[in-house]
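Visitor: Protein chains in written order, with the numbering used here: chain A, 8 to 193; chain B, 7 to 335.
Where a beta carbon is used, it is the ideal one built from N, C-alpha and C, also for glycine.
This is the structure I have questions about; it appears just below.
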Amino acid sequence: MIKRLFALLAAIVFVPIATAAPAMAYEPVNIVHTEHVQVGPYGLTVGFSTWPLRAMQSLDFTFAPDGGLDGKTGTFMRTGPSGSHTRPASMVRHPRKRDVWGLDVFALPVEGPWKFDFTIDGPQGHGTGTLSGLQVLPQPGPPLTLSWIVCALPFVALIGFLVVVWRRGNPGRIRASGVPTGVAAG
Amino acid sequence: MIGTSWDVQWHIDVGPDTFFTLPHLFIYAGSAIAGIAALSVVLAVTAAQRRGETPDPRDGGVPIRVFGGAFTAPLGYLVTGVGAAAFLLYGLTDLWWHTVYGFDAVLNSPPHVALFTTISITMIGAVIVAASARELLWGRIAMAISVPVLMTFFPITANAFQGLPVPFDSIVVATALIIVLLLVLTRVAIGRPGTALATAAALLVMQGILWVFTPWATSLYADSVGLPMRDGMGGEPSLIPSGIPLAGIVAALVIELLFRRGALISGGVAGLILGFTFVLQRPWLGYAAPVTTVELIATTIAGCAFGVVGAFLGLRFGATLRLREKVTA
Numbered sequence: 008m009i010k011r012l013f014a015l016l017a018a019i020v021f022v023p024i025a026t027a028a029p030a031m032a033y034e035p036v037n038i039v040h041t042e043h044v045q046v047g048p049y050g051l052t053v054g055f056s057t058w059p060l061r062a063m064q065s066l067d068f069t070f071a072p073d074g075g076l077d078g079k080t081g082t083f084m085r086t087g088p089s090g091s092h093t094r095p096a097s098m099v100r101h102p103r104k105r106d107v108w109g110l111d112v113f114a115l116p117v118e119g120p121w122k123f124d125f126t127i128d129g130p131q132g133h134g135t136g137t138l139s140g141l142q143v144l145p146q147p148g149p150p151l152t153l154s155w156i157v158c159a160l161p162f163v164a165l166i167g168f169l170v171v172v173w174r175r176g177n178p179g180r181i182r183a184s185g186v187p188t189g190v191a192a193g
Numbered sequence: 007m008i009g010t011s012w013d014v015q016w017h018i019d020v021g022p023d024t025f026f027t028l029p030h031l032f033i034y035a036g037s038a039i040a041g042i043a044a045l046s047v048v049l050a051v052t053a054a055q056r057r058g059e060t061p062d063p064r065d066g067g068v069p070i071r072v073f074g075g076a077f078t079a080p081l082g083y084l085v086t087g088v089g090a091a092a093f094l095l096y097g098l099t100d101l102w103w104h105t106v107y108g109f110d111a112v113l114n115s116p117p118h119v120a121l122f123t124t125i126s127i128t129m130i131g132a133v134i135v136a137a138s139a140r141e142l143l144w145g146r147i148a149m150a151i152s153v154p155v156l157m158t159f160f161p162i163t164a165n166a167f168q169g170l171p172v173p174f175d176s177i178v179v180a181t182a183l184i185i186v187l188l189l190v191l192t193r194v195a196i197g198r199p200g201t202a203l204a205t206a207a208a209l210l211v212m213q214g215i216l217w218v219f220t221p222w223a224t225s226l227y228a229d230s231v232g233l234p235m236r237d238g239m240g241g242e243p244s245l246i247p248s249g250i251p252l253a254g255i256v257a258a259l260v261i262e263l264l265f266r267r268g269a270l271i272s273g274g275v276a277g278l279i280l281g282f283t284f285v286l287q288r289p290w291l292g293y294a295a296p297v298t299t300v301e302l303i304a305t306t307i308a309g310c311a312f313g314v315v316g317a318f319l320g321l322r323f324g325a326t327l328r329l330r331e332k333v334t335a
C-alpha cells in the first residue's frame, strides 16, 4: 500500500517535470529604450528592456557598438548614487542576444543617479566614454523592511523551536530519563 | 527507509540550486515529496494510535499530540511537514517577488532567505527521524547522509547577515559554528566513537559528487534548452560545493580525538581549524576577495569561539535527540 502510494506520488511529481522540459524556451531580449554613448571613436548604443528603471527590478541591458563586435573588446564599470563603483569588468556577449554585449536579468540595487563608464579597444584604437545621469526610480513593491520581517518569520519560528528543545533537554531531565550521554561533557 | 529516500532527494536539491528552472523544479519536488511523506506518516501514526497501538519513538522520534490530540505526529515528521508546508507558502511569495522585481538571481533576497530557512527546517526534521532510529542500520546511514546535507544547506542562510559590520567573515564563522555543532550532535546522538568522522567523510563524498555533477548538469541542461554557456566563465568550481569547507574531515578528527577530554575544547580547536582554512579556501577558489591579515586572524579567533558555542549547543541538542518520552503539546 505504502509502496503504491509512493509510486503515485513520484508519478505526480516527476511526470510534469519530464514533460515540461521542452516547453522552457527563453524569452527574446526586447529592447524598449536606447541611449547613445560616444566611446572615443566608437558609437555605442545602450539598450534597456524596461524603461524607466527602478531600483532592485531586473532587466536586460545591451551594449551594441556600431559595426558589430568583431575585433573589439571592452570594459564596463558602474557607479552608484553614493559614488561607490565596481571594478571594470570585461564586456561579454548577452546570453540570449549573441550579436551584442550585455547583462541579462540584472538589477541596479538602489535609487538615484547612476553612471556607466565604458572603454572599447578595436581597429581604431582605444576609446573611453560615459553614460551619466541614468536615473533609477524608487523600488517597486512593499517597503524592504516589511518584506524582511515577513520572510524572517520561519527563522524566528526555528529559533523558538530550538529554545523549546533546549529547555526540554536540561541535564537534570536527561539524567532522570535514564538516557546515557556516553560522554563526559565540557 | 522513508528518511533515507528523502535524504537522497535532498542530495539532488542541494546540488542544482545555483542555476535555473529544471533544477528549481527539483527543489520544489524535494520539498513536496518530503511534505507529502511526512503527512502520510502522521496520518498513519494517528490511525494506529486510534486503534489503540502505542507509537514507537524509533519511528520518527517522540510522538507529539497536535491540535488537542486530534493528530499524533512523531516529532521528526512533524518538523519536516511544517517546514515543507512553509516552503510551499514562501514559494508563492517568491513567485510574487519575481513578478515585481524580475528574475535577478540573488541568493539573499528576502523570499530566498525564507526558502532556505524552511528547507533547513525540513532537513532538521529528517535528522530527527534519522537519529530516532539510531539503533537500526538505516537510521545511522540516514544520519550520515542527512547531517552533511544540513551542513551544506544551513549556512546559506548566513548570507542574510553578510552586511553586518563585524571584523570577521560572517559566512565562514557561521559555517564553522554549524559544522562543529552538527559533528558534536551526531557524536552524542548516536553515542558511538567514529560517528563524527563518518559524517565528515560523507560530507566530503557529497562535496566531490556535487563538484563533478553541478558543472556537468549545468552544461547539459544549457545545451538541451539551446542556451550557450556565458562568455568569460569557466575555470571556477561550482558555488555550492566550493562553499563546503575542505577541512571538515580534519575538524571531525580533532573532535573524535579530543572528545573525551572535553567536548568544548574539541569544538574550539575544530572551529579554529575551520575558521583558518575556510577563510583562505574561499578566495583560493575565487569566491571571495583576498583576505587581509587582520581578517584572517579575526576570523580564526571567531571560528574558535563559535566552535566552542557549537560544541556546547551540539552536546545538549544531541542528548535531547536521545530522549524518548511522550509529550503533549
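Using a Cβ cut-off of 7 Å, which residues of the stretch 38-72 of chain A contact any Cβ in chain B, in chain order?
Guide: Going along the stretch 38-72 of chain A in chain order, one finds M63, Q64, S65 and L66 with a Cβ nearer than 7 Å to chain B.
Visitor: Can you tell me whether DSSP reads T60 (chain B) as helix, strand or coil?
Guide: Note: T60 (chain B) maps to coil in three-state DSSP.
Visitor: DSSP has A120 (chain B) in a bridge; who is on the other side?
Guide: A120 (chain B) is not bridged to any residue.
Visitor: Starting from the C-beta of M31 (chain A), find all residues in its chain whose C-beta is less than 6 Å away, skip the five residues before and the five after it, and write them out in chain order.
Guide: A caution first: M31 (chain A) carries a pLDDT of 46, below 50, which makes its placement in the model too unreliable to give a value.
Visitor: Tell me which residue opens and which closes the beta strand (DSSP E) that A71 (chain A) is part of.
Guide: L66 to P72
Visitor: Out of B:V85, B:R57 and B:A295, point me to the one whose CA is closest to I70 (chain B)'s CA.
Guide: B:V85
Visitor: Whole-angstrom Cβ separation of T57 (chain A) and L66 (chain A), contact assumed at under 8 Å?
Guide: Contact flag correct, Cβ pair sits at about 4 Å.
Visitor: Taking Cβ positions only, does R94 (chain A) come closer than 8 Å to chain B?
Guide: no
Visitor: Between T326 (chain B) and chain A, is the shortest Cβ-Cβ distance under 8 Å, so that the two count as touching?
Guide: yes
Visitor: Give me the DSSP bridge partner(s) of P120 (chain A).
Guide: A:Q142
Visitor: Decide yes or no for the touch test of the stretch 119-137 of chain A against the stretch 159-173 of chain A: beta carbon pairs closer than 8 Å, at least 3 of them.
Guide: Counting Cβ pairs under 8 Å, fewer than three are found: no touch.
Visitor: In the DSSP assignment, find the alpha helix (DSSP H) that holds P102 (chain A) and state where it starts and stops.
Guide: Per DSSP, P102 (chain A) belongs to no alpha helix (DSSP H) and is neither H nor E.
Visitor: Shorter than 8 Å from the beta carbon of F162 (chain A) to some beta carbon of chain B?
Guide: Yes, its Cβ sits closer than 8 Å to a Cβ of chain B.
Visitor: Given that a residue counts as buried once 16 or more other Cβ atoms are within 10 Å of its Cβ, and exposed if not, what is P72 (chain A)?
Guide: P72 (chain A) is buried by the Cβ-count criterion.
Visitor: What residues are listed by DSSP as bridge partners for E42 (chain A)?
Guide: Beta-bridge annotation (DSSP): E42 (chain A) is paired with A:V53.
Visitor: Assuming T70 (chain B) is part of the alpha helix (DSSP H), what are its boundary residues?
Guide: For the sequence presented, residue 70 (chain B) should be read as Ile rather than Thr. Per DSSP, I70 (chain B) belongs to no alpha helix (DSSP H); it is in the beta strand (DSSP E), P69 to V72.
Visitor: Return the residue from the list B:T78, B:A295 and B:G41 that minimises the CA-CA distance to R56 (chain B).
Guide: Ranking B:T78, B:A295 and B:G41 by Cα distance to R56 (chain B) puts B:T78 first.
Visitor: How would you write the range of the beta strand (DSSP E) that R85 (chain A) sits in, first residue to last?
Guide: That run of the beta strand (DSSP E) goes T80 to T86.
Visitor: Below 8 Å, how does it come out for the stretch 203-222 of chain B and the stretch 250-260 of chain B: are there three or more Cβ pairs, yes or no?
Guide: Touching, per the Cβ criterion.
Visitor: Tell me the DSSP secondary structure of D77 (chain A) in three-state form.
Guide: coil
Visitor: Judging by CA-CA distance, which residue of A:F125, A:K122 and A:F68 is the nearest neighbour of P102 (chain A)?
Guide: A:F68
Visitor: Thinking just about the alpha-carbon of each residue, which of B:A91, B:G313, B:L321 and B:F323 is nearest to the one in V186 (chain B)?
Guide: B:G313
Visitor: Rounded to whole angstroms, what is the Cα-Cα separation between V171 (chain A) and R328 (chain B)?
Guide: V171 (chain A) and R328 (chain B): Cα-Cα distance of roughly 16 Å.
Visitor: Flag this pair as yes or no: are the beta carbons of I250 (chain B) and T220 (chain B) separated by less than 8 Å?
Guide: no
Visitor: Counting only the same chain and skipping the five closest in sequence on each side, list residues whose C-beta sits under 6 Å from that of I177 (chain B).
Guide: A164
Visitor: Using a cut-off of 7 Å between C-beta atoms, extract the partners of P35 (chain A) located in chain B.
Guide: Near P35 (chain A) there are no residues of chain B at all, since even the closest Cβ is about 12 Å away, more than 7 Å.
Visitor: Applying a beta-carbon distance threshold of less than 7 Å, which residues of chain B neighbour T154 (chain A)?
Guide: Sequence check: residue 154 (chain A) is Ser here, not Thr. In chain order: P116.
Visitor: Would G273 (chain B) and A317 (chain B) qualify as a contact pair, given that the criterion is a beta-carbon distance under 8 Å?
Guide: yes
Visitor: Got a sec? Which residues, its chain only, sit under 6 Å from L183 (chain B) by beta carbon, not counting five neighbours each side?
Guide: F312 and G316
Visitor: Taking Cβ-Cβ distances shorter than 7 Å, what residues in chain A pair up with T5 (chain B)?
Guide: Coverage of chain B is limited to positions 7 through 335, which leaves residue 5 (chain B) absent and any answer about it impossible.
Visitor: Quick one: what does DSSP say D100 (chain B) is sitting in, helix, strand or coil?
Guide: helix
Visitor: Just to confirm the assignment, what range does the beta strand (DSSP E) spanning T78 (chain B) have?
Guide: F77 to P80
Visitor: Which first and last residues belong to the alpha helix (DSSP H) in which P161 (chain A) is found?
Guide: L151 to R175
Visitor: Taking 8 Å as the cut-off, decide whether the C-beta atoms of A90 (chain B) and C158 (chain A) are in contact.
Guide: no
Visitor: Rounded to whole angstroms, what's the CA-CA distance from P117 (chain B) to G58 (chain B)? Just pull it up for me.
Guide: 43 Å
Visitor: I'd like to check one pair, S138 (chain B) with R67 (chain B): are the Cβ atoms closer than 8 Å?
Guide: Residue 67 (chain B) is actually Gly in this sequence, not Arg. Against a cut-off of 8 Å, the Cβ pair of S138 (chain B) and G67 (chain B) comes out as a contact.
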